[in-house]
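Contents: one structure, followed by commentary.
Residue numbers (the working numbering): 2 to 245.
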């Protein structure tokens, strides 16, 4: 048994003939992936991410660029708890709400828990889902000195989940990663899927690898930040999956 990480272990057996001119090997790999359906993952009282990154001392984050744009992902956040308001349910009259992007909420979470952040902002547009963007992430991970047992945190929608997950599959040949899904597509499909990929040579998903996240966090309170077009896109993906 050859454990390369707590979420991945390989078994192998090698057999040789009497003169060792013929050698055969049988190998298998067991992968472990966890999906958590949760709420208010970025609330100060949530330890789901803090427990992963506090022992490491930092969080290397690949962030969807739309999460730093008030036009796409804004909403009211309680400044005392860092919890996002959802349809005014459970609204505290004493709460101090302020409009924040998911990036701002993320910054506050890691600052509260005393964890350093290294943020790589990448485009979440379908047109940018190419091998050049994957290579860009690989170069960034190398510059930051990411270790093979250090889980990268991917925060965003389906495109960022695909290309950043693919980059993790290639980096050190197997770098673990955690996904915080901020869209319906990444929450139900790209985020939790073992398939990582990018487009190439005019073909969709031409390059890729089977490399599931060690953990997918689906926080539906973050979906309240999406504009109508992103919601329609997510519902269309659900219908496509059901029909196919």
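Glycine included, C-beta positions come from ideal geometry on N, C-alpha and C. These numbers were taken from a predicted model, which means no experiment stands behind them.
Residue 61 sits close to residue 119, with the two beta carbons spaced by under 8 Å.
Taking all protein chains shown into account, residue 70 has fewer than 16 neighbouring C-beta atoms within 10 Å of its C-beta and is therefore exposed. With a threshold of 16 other beta carbon atoms within 10 Å, residue 175 meets it and is buried. Here residue 30 is exposed: its Cβ has fewer than 16 other Cβ atoms, across all protein chains shown, within 10 Å.
DSSP places residue 118 outside any alpha helix (DSSP H); the residue lies instead in the beta strand (DSSP E), whose first and last residues are 117 to 123. Of the candidates 52, 19, 130 and 82, the residue whose Cα lies closest to the Cα of residue 95 is 82.
Setting aside the 5 residues that flank it on each side, residue 113 is surrounded in the same chain by 45, each with a C-beta closer than 6 Å to its C-beta; the list follows chain order.
If only complete runs of 4 or more residues are kept, the region 51 to 88 shows the alpha helix (DSSP H) at 51 to 54, in order along the chain. Collapsing the DSSP output to three states places residue 180 in a strand.
Judged by DSSP in its simplified three-state form, residue 36 adopts strand. The Cβ neighbour count for residue 240, taken over all protein chains shown within 10 Å, is under 16; the residue is labelled exposed. Residue pairing by DSSP places residue 222 opposite no residue, since no beta bridge is assigned to it.
With a cut-off of 8 Å on Cβ pairs, the region 137 to 157 is in contact with the region 177 to 192, counting three or more such pairs. The alpha-carbon of residue 55 is positioned some 31 Å away from that of residue 12. Beyond the five residues adjoining it in sequence on each side, residue 169 comes within less than 6 Å, by CB distance, of 153, 176 and 178 in the same chain, given in chain order.
Here DSSP, grouped into helix, strand and coil, assigns residue 205 to strand.
In the displayed model, residue 151 falls within coil according to three-state DSSP, outside both helix and strand. Around the CB of residue 211, fewer than 16 other CB atoms lie within 10 Å, so the residue is classed as exposed.
Look at residue 134 here: in three-state DSSP terms it is helix. Per the coordinates, the alpha-carbon of residue 234 lies some 43 Å from the alpha-carbon of residue 27.
Across the structure, residue 143 and residue 172 are spaced so that their CA atoms are roughly 8 Å apart.
In the three-state reduction of the DSSP assignment, residue 157 falls in the strand class.
For residue 102 against residue 75, the beta-carbon gap comes to about 5 Å, under 8 Å, which counts as contact. Contact annotation: residue 37 and residue 197 have beta-carbon atoms that are not nearer than 8 Å. Note: residue 29 is bridge-paired with 12 in the DSSP secondary-structure output.
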